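*Asks:* Per mature numbering (1 follows the signal peptide of the UniProt record, and there is no 0), the sequence shown runs over residues -26 to -1, 1 to 485. Using N, Cα and C, we set each Cβ at its ideal position, and we do this for glycine too. Predicted, not measured: the structure shown is a model, and the values here were computed from it.
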Amino acid sequence: MRMGLTLRMWVASLLLLTHLLHGALCWGDDGHYAVCKIAQGYFEEETVVAVKKFLPAYADGELAAVCSWPDEIKRLPQWKWTAALHFADTPDDKCNYDYSRDCPNDWCVTGAIFNYTNQLMSASKDSQSIVHYNLTEALMFLSHYMGDIHQPLHEGFLGDLGGNKVKVNWYNQETNLHRVWDDMIIESALEKYYFSSLSVMIHALQDKLKISSESIDLACKYAYRNATAGTTLGDGFIVENVGGKYTPPYTSRPWSSWLGSRWSLRCLQDSSVKKILPAYANGELAAVCSWPDEIKRRPEWSWTYALHFVNTPDNECNYEYSRDCHNDKCVTGAIFNYTSQLMFQFHYNLTEALMFVSHFMGDIHQPLHEGFVGDQGGNKIKLNWYEQETNLHRVWDNKIIESAQEKYYNSSLSVMIHSLQHKLKYAWSNDVPSWDSCPPHETACPNPYASESIDLACKYAYKDAAPGTTLGDDYFLSRLPIVEKRIAQGGIRLAATLNRIFSPKPSLAAA
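1) Going by beta-carbon coordinates alone, are A418 and I309 separated by less than 8 angstroms?
2) For Y90, which residues in the same chain have their Cβ closer than 6 angstroms to its Cβ, ignoring the five residues on either side in sequence?
3) Do you know how far the Cα of I160 is from the Cα of C412?
4) Can you list, in chain order, the residues of its chain with a C-beta nearer than 8 angstroms to that of I374? Leave out the 5 residues immediately preceding and following it.
5) Assuming V305 and H343 make a contact with CB atoms under 8 angstroms, what is their CB distance in whole Å?
6) Excluding sequence positions up to five away, which residues of its chain have a Cβ less than 7 angstroms from the Cβ of D438?
7) Can you check which of these residues, V331, M120 and A327, is closest to G464 by C-alpha distance?
8) Quick one: measure Cβ to Cβ for L127 and A62, integer angstroms, because I've assumed they're closer than 8 angstroms.
9) I190: which of P51, D66, Y382 and Y145 sits nearest, CA to CA?
10) Can at least three beta-carbon pairs, one atom from the stretch 374 to 385 and one from the stretch 344 to 356, be found at a separation below 8 angstroms?
11) Quick check on L357: does DSSP put it in helix, strand or coil?
12) Look up W144 in the DSSP assignment and say whether it is helix, strand or coil.
13) Short of 6 angstroms in beta carbon distance, which residues of its chain neighbour A203, apart from the five on each side in sequence? Order them along the chain.
14) Under 8 angstroms: do the stretch 425 to 441 and the stretch 351 to 366 share three or more Cβ pairs, one atom per stretch?
15) Any heavy atom of the ligand COA closer than 7 angstroms to the beta-carbon of N79?
16) Starting from the C-beta of H367, find all residues in its chain whose C-beta is less than 6 angstroms away, skip the five residues before and the five after it, and write them out in chain order.
17) Taking Cβ to Cβ, would you say T313 is nearer than 8 angstroms to T471?
18) Below 6 angstroms CB to CB, which residues in the same chain sit around H392 once its five sequence neighbours on both sides are set aside?
19) Of all the beta strand (DSSP E) runs that stay within the bounds of the stretch 430 to 481, which reach a length of 3 or more residues?
20) Take W275 and list the residues in its own chain whose beta-carbon comes closer than 7 angstroms to its own, dropping the five residues that flank it on each side.
21) Would you call the stretch 6 to 14 in contact with the stretch 34 to 45, where contact means no fewer than 3 C-beta pairs closer than 8 angstroms?
22) Going by the DSSP bridge assignment, what does T206 pair with across the sheet?
23) Between which two residues does the alpha helix (DSSP H) carrying T325 extend?
24) Compare the C-alpha of S171 against each of V154, N200, C194 and Y400 and name the closest.
25) Let me confirm a value: T56 is counted as buried when at least 16 other C-beta atoms fall within 10 Å, else exposed. Which label applies?
26) Count the other CB atoms within 10 Å of the CB of D395; is the residue buried (16 or more) or exposed (fewer)?
27) Are there 16 or more other CB atoms within 10 angstroms of the CB of R75, so buried, or fewer, so exposed?
28) Between Y168 and the rest of its own chain, which residues show a CB-CB distance below 6 angstroms, the 5 nearest in sequence each way excluded?
29) What does the alpha-carbon distance come out to for the pair L192 and W402?
30) Which two residues bound the contiguous beta strand (DSSP E) that contains T364?
31) Given a threshold of 16 other Cβ atoms within 10 Å of its Cβ, counted over all protein chains shown, does N92 qualify as buried or as exposed?
32) Identify, in the order they occur along the chain, each residue of the same chain with its Cβ nearer than 8 angstroms to the Cβ of I47, setting aside the five sequence neighbours on each side.
33) Does the pairing of the stretch 80 to 87 with the stretch 142 to 155 give three or more beta-carbon distances under 8 angstroms?
34) Return the CA-CA distance between Y382 and K166, expressed in angstroms with no decimal places.
35) In whole angstroms, what is the alpha-carbon distance linking A327 and P266?
36) Can you name the residues that DSSP bridges to T286?
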């Protein structure tokens, strides 16, 4: 390992400080915060103790709080010598990196990482050497430069100063290519895909961690590609460079499995639900929410098929229990029934009752589960979802959610759920009390949910969706907010119902 910064580096700095004039930038604050936040999640216990020991008091034990410090000080007169430590220039169009060639006198981002790593190592190997180094600064420098070295254009070409001289437009904004990779892609991703929440983006990255290629290779393959001077960069560039696809944690499945029941268990106030879940669920309610769909076509369970929906009269656009739920055999009747079983217990199979009520609470929030009897809730309306043949019911069961995950949530159900939790905390926070309320002395109140659904079906699901239609972006983008809110309402109402059953003081805990 190289011993890092030496006295000769101070002489070499006179040649390299010219980069200050060209704004040798780094990941923006968000990027560095994300790098350090992710790193913290992988620290060994001993590392946690050591890092907290060296952090300044104002960081409050949070490494991410100081990861932008080297950027904040690099233009101050006493710290300007650090500016050249944020990058390593590589020969134009070579698309490779060589330490001996590209880090003269160890004065570059890789040399800085070697140096500050050695300083921190000295703290554990030789207590007498601690006095020679400021370990707080060493930790903050190392954490920042580890972010810089992973920004591809921090190992960009010497001739254009890592893209700083490549003037481009980011959508309608004049900028340069380096800044696109420092800030613009991240800022646009936060706005477009992560509800302007850095925590949601970090959660997504934690879900999809994988080893990446080296920065200069990525710079040649992606950063410089399609980004000549004068170019306007937009959607195609951001989609290509925000991140690749990865295998989602759950396979395609009907509406109820996407329901907020995966996270509604976090809202419950006691462990009663976990006690009656089957062992294979491992305490996770979401693991069994598809069970009623899995068994409904088996001969011994065929009687449950009609419990997933309630048919309403064609074009009436309203719901009445006495008219539409014959002999109590419909989704609302099923919710009443299995809620009562959980309440009074007796000789009932409480595990089955829990799985049924959790699933049916999802079904009742899918608008076309209260659709028209004539088209079987949209099942008979054959159309195309983009270029794929399907039917309207399946669009609302699966396609809108699948497309949303692919377009906005990096194919991750957990990211989608996290974003819904974020909306519940902020965008919908004033609405939640009305969602989870029932009339006094009622444990379950599914009738209003069914009325909401048929109203939404008429206003949104059936509208512009005649047989043979091709549904695309206009339909998708205008209906997605409806779908997301119904999923959130379903999760809140499931949690509230189970709280009323199992908790002596039912209310929603923080998700």
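*Replies:* With the given structure in hand:
1) Stepping through the sequence shown from its first residue, residue 418 is reached at position 444. Stepping through the sequence shown from its first residue, residue 309 is reached at position 335. In contact: A418 and I309 (Cβ atoms closer than 8 angstroms).
2) Here the question's residue 90 lines up with position 116 in the sequence shown. So the qualifying residues of the chain are A112, F115 and L116.
3) Within the sequence shown, numbered from 1, the residue matching residue 412 stands at position 438. Within the sequence shown, numbered from 1, the residue matching residue 160 stands at position 186. In a straight line, the C-alpha of C412 is about 42 angstroms away from that of I160.
4) On the sequence shown, position 400 is the one that residue 374 refers to. Cβ within range, chain order: F450, R453, L454 and V457.
5) As a position in the sequence shown, residue 305 is number 331, starting the count at 1. As a position in the sequence shown, residue 343 is number 369, starting the count at 1. 6 angstroms between Cβ atoms; contact.
6) As a working mapping, residue 438 is identified with position 464 in the sequence shown. Y449.
7) Taking the first residue of the sequence shown as 1, we reach residue 464 at position 490. Nearest of V331, M120 and A327 to G464, Cα basis: V331.
8) Indexing the sequence shown from 1 puts residue 127 at position 153. Indexing the sequence shown from 1 puts residue 62 at position 88. Contact check for L127 and A62: beta-carbon distance about 11 angstroms, past the 8 angstroms limit, so the pair fails to qualify.
9) In the sequence shown, residue 190 corresponds to position 216, counting from 1. Nearest C-alpha to I190: D66.
10) no
11) Residue mapping note: residue 357 aligns to position 383 of the sequence shown, counting from 1. In this structure, DSSP gives L357 an extended state, which the three-state scheme calls strand.
12) Here residue 144 is taken as the residue at index 170 of the sequence shown, counted from 1. Looking at W144 - three-state DSSP - the assignment turns out to be strand.
13) Counted from its first residue, the sequence shown places residue 203 at position 229. So the qualifying residues of the chain are V140 and K141.
14) yes
15) Looking at this structure, you won't find the ligand COA or any other ligand, since it has none at all.
16) Looking up residue 367 in the sequence shown gives position 393. Excluding residues within five positions, the ones whose Cβ falls inside 6 angstroms are L342, G351, G352 and N353.
17) If you number the sequence shown from 1, residue 313 lands on position 339. If you number the sequence shown from 1, residue 471 lands on position 497. Taking 8 angstroms as the Cβ cut-off, T313 and T471 qualify as a contacting pair.
18) As a working mapping, residue 392 is identified with position 418 in the sequence shown. So the qualifying residues of the chain are V174 and H177.
19) none
20) Along the sequence shown, one-based indexing puts residue 275 at 301. Answer for W275: I269, listed in chain order.
21) Pairwise C-beta distances place the stretch 6 to 14 in contact with the stretch 34 to 45, as three or more of them are shorter than 8 angstroms.
22) On the sequence shown, position 232 is the one that residue 206 refers to. Answer is N143.
23) If you number the sequence shown from 1, residue 325 lands on position 351. Run containing T325: L324 to D337, per the alpha helix (DSSP H) assignment.
24) Position 197 of the sequence shown, counted from the start, is the residue given in the question as residue 171. Nearest option by C-alpha distance: Y400.
25) As a first step, residue 56 is located in the sequence shown; it is residue number 82 there, counting from the start. A residue is called buried when at least 16 other Cβ atoms come within 10 angstroms of its Cβ; T56 meets this threshold and is buried.
26) On the sequence shown, residue 395 is found 421 positions in, with the first residue counted as 1. For the record, residue 395 in the displayed sequence is Gln; it is not Asp. Q395 should be labelled buried.
27) The residue labelled residue 75 in the question sits at position 101 within the sequence shown. So R75 counts as exposed.
28) Taking the sequence shown and counting its residues from 1, one reaches residue 168 at position 194. V174 and M175, listed in sequence order.
29) Position 218 of the sequence shown holds residue 192. Position 428 of the sequence shown holds residue 402. Between the C-alpha atoms of L192 and W402 there is a straight-line separation of about 40 angstroms.
30) Along the sequence shown, one-based indexing puts residue 364 at 390. From DSSP, the beta strand (DSSP E) with T364 extends over Q362 to N365.
31) Here residue 92 refers to the residue found at position 118 of the sequence shown. Classification for N92: buried.
32) The residue labelled residue 47 in the question sits at position 73 within the sequence shown. Hits under 8 angstroms: W53 and T56.
33) no
34) One-based indexing of the sequence shown puts residue 382 at position 408. One-based indexing of the sequence shown puts residue 166 at position 192. Each residue's Cα considered, the two are about 7 angstroms apart.
35) For the purposes of this step, residue 327 is taken as the residue at position 353 of the sequence shown. For the purposes of this step, residue 266 is taken as the residue at position 292 of the sequence shown. Those two C-alpha atoms are separated by around 10 angstroms.
36) Position 312 of the sequence shown, counting from 1, holds the residue named residue 286. Answer is F346, bridged to T286.
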